[in-house]
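Residue numbers (this note's numbering): 508 to 588.
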């Protein structure tokens, strides 16, 4: 599988920034940001990193999906064991 190049365009940088801000200001997701990588390729947001629970994984995806200009979310987050 080919890994996309993230944030190559100004539009993708903008989407990534908006997603990171949304995750930072949302009380359910703000605490997970330090271990999270966010990248955008053609409007598709990729969430990568480790989270402590399935609930955290779902919350991060839900908040990211709600951001304007996000066409879809690829949730590659791993639940730490």
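A virtual CB, placed ideally from N, CA and C, is assigned to each residue, including glycine. All of these numbers come straight from a predicted model, not from anything done at the bench.
Q | Sequence-distant residues of its chain with Cβ nearer than 6 angstroms to residue 508 (five each side left out) | A | Annotation note: pLDDT 44 at residue 508 (below 50); position unreliable, no value reported.
Q) Taking C-beta to C-beta, are residue 578 and residue 545 nearer than 7 angstroms? A) no
Q. Are there 16 or more other CB atoms within 10 angstroms of the CB of residue 532, so buried, or fewer, so exposed?
A. exposed
Q | Residue interval of the alpha helix (DSSP H) (run including residue 529) | A | 517-532
Q | Beta carbon of residue 540 nearer than 7 angstroms to that of residue 584 | A | no
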